[in-house]
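Numbering (my numbering), first residue to last: 84 to 492.
Each residue gets a CB set at the ideal place from its N, CA and C atoms; glycine is no exception.
These numbers come from a predicted model, not from an experiment.
Report on the structure given below.
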Ligand code: 5CA
Ligand code: ZN
């Protein structure tokens, strides 16, 4: 499917720095040194409800990754999926008496608008689960033929025991895995499974639900984890630089994906770094479509909030932190945006070459956006309190904030 338009990324003087990033799998910070083309896969939305601030915060983190890489003069190959067929989508369509394809199309269209408004750089490939089915079926067949999958009443399950590295992405103990599996789309209680954690690869057709021809698998629809593996391997291949998503994807989604890929290719890990963003809460609880405690990006936009202020609100928290959205977070961002715009609208100002390096350094250090904002704040405060005469400074600050933080002043 088509993605959304890219905003321009201004080139900055000098050269950016290599990204150091926290990797969930090794539980430490690693320095990524991609080749001329850095490769990233970011898990996309399940389009049954509009983009909320939690989604936007997660996509903001991976947008910063791209901006750091682009600043090092690399190209970025970015792939994102859309889980446009899955249980939660079908359940919502049924509840609201909607055609599931229309619901998915409507919410994906709104997501594109939100991403465009927030100046998130688009993926080169934006792939729906449905369009990926022809690539998913042969992978499931291969897993089955390799003895890593088995049938249960027509459904095909992946056997986690077929992968010696299972557990190395999320580093959780068996009990934690079991609890999270039940919470996040798994079915650990289903009788007949070899291991309660085994995830579904292919679900046999159910009455009243959409299904597709699956060659030797029979009619059905794909499981969730194999969807992302098929799309990532098809477009990026093994050993790409980052697989990203919110921290709720570390287990089971990214763990299972790494396992599928390990059995398919004999290689581990699928991504050099597994990068996870913290969860955004509202009124003390994780924002989630299932709980309905949501602040929608589109609703804020409709209420007249400048998307640049939304973006600054996201940037004011470290991507790995769990944080809470409040009116105050937004008010502070609106005030900051105003201060920054006033400072760069003057015809001249204080030299800003050091600021460019400070923002670069902050972001290269595990995407420390709050430190980057603090550096800009310092320049802005000094600029507003003095009368520097560097005519190139306001433009350079604007371009830096645009190129590295995605905020248009
Ligand atoms: N389609 C799958 C991924 S393949 C999925 O998880 N979709 S989603 O719509 O539920 O979430 C999309 C992305 O937003 C995921 O990376 C998820 O981890 C992230 N996300 C969801 N809720 C929050 C939240 N409250 N705070 C931060 N990130 C969130
Ligand atoms: Zn995914």
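For ligand 2, which residues have a Cβ under 5 Å from at least one heavy atom, in chain order? 126, 311
Where does residue 365 sit, in a helix, a strand or coil, going by DSSP? strand
Among the candidates 129, 330, 397, whose CA atom is the shortest distance from the CA of residue 263? 330
Compare the C-alpha of residue 440 against each of 143, 151, 138 and name the closest. 151
Say the cut is 7 Å; is the CB of residue 141 nearer than that to a heavy atom of ligand 1? yes
Counting pairs of beta carbons, one from the segment 279 to 296 and one from the segment 86 to 98, are three or more of them closer than 8 Å? no
The segment 345 to 357 in contact with the segment 143 to 161 per 3-pair CB rule at 8 Å: no
Same chain, Cβ closer than 8 Å to residue 117, neighbours up to 5 away in sequence not counted: 152, 157, 324
Just mark residue 326 as buried or exposed, buried being the case when its beta carbon has 16 or more other beta carbons within 10 Å. buried
Which ranges does the alpha helix (DSSP H) cover as unbroken runs of at least 4 residues, wholly within the segment 387 to 411, from first to last along the chain? 390 to 398
Out of curiosity, what's the CA-to-CA distance linking residue 457 and residue 341? 37 Å
Buried or exposed: where does residue 85 fall if 16 or more other Cβ atoms within 10 Å of its Cβ makes it buried? exposed
Tell me the rounded alpha-carbon separation between residue 283 and residue 216. 15 Å
Are residue 166 and residue 272 closer than 8 Å when you measure CB to CB? no
Ligand 1 heavy atom lying under 7 Å from the CB of residue 363: yes
Count the CB pairs spanning the segment 471 to 485 and the segment 418 to 434 that are closer than 8 Å, and state whether there are at least three. yes
By Cβ distance below 6 Å, which residues in the same chain neighbour residue 256 in space, the five residues on each side in sequence not counted? none
Ligand 1 heavy atom lying under 7 Å from the CB of residue 369: yes
Less than 8 Å between the C-beta atoms of residue 343 and residue 388, yes or no? no
Here's the rule: buried if 16 or more other CB atoms are within 10 angstroms of the residue's CB, otherwise exposed. What is residue 335? buried
Distance, Cα to Cα, residue 300 vs residue 239? 8 Å
Three-state class that DSSP yields for residue 112 in the structure shown: strand
Tell me the rounded alpha-carbon separation between residue 154 and residue 182. 43 Å
Any heavy atom of ligand 1 closer than 7 Å to the CB of residue 446? no
How is the alpha helix (DSSP H) around residue 280 delimited, first residue to last? Here residue 280 belongs to no alpha helix (DSSP H), and DSSP marks it neither H nor E.
Threshold first: 3 residues or longer. Then list the beta strand (DSSP E) segments lying entirely within the segment 202 to 278, N to C. 208 to 211, 232 to 235, 238 to 241
Starting from residue 124, follow its DSSP beta bridges and name the residues at the other end. 162, 326
Identify the residues that DSSP records as bridge partners of residue 286: which are they? 304
Whether residue 226 touches residue 241 by CB criterion (8 Å): yes
So, for residue 366: in the same chain, excluding its five sequence neighbours on each side, which residues have a beta-carbon less than 7 Å away from its beta-carbon? 376
Among the candidates 473, 417, 448, whose CA atom is the shortest distance from the CA of residue 115? 448
From what residue to what residue does the alpha helix (DSSP H) around residue 154 run? 136 to 154
Quick one, which of 280, 125, 460 has its alpha-carbon nearest residue 442's? 460
Which residues in the same chain have their Cβ closer than 7 Å to the Cβ of residue 108, if we skip the five residues on either side of it in sequence? 251, 252, 352, 357
Look at the Cβ atom of residue 144, then the Cβ atom of residue 393, and state whether they are nearer than 8 Å. no
What distance in whole Å lies between the Cβ atoms of residue 124 and residue 319, which are believed to be in contact at a cut-off of 8 Å? 6 Å
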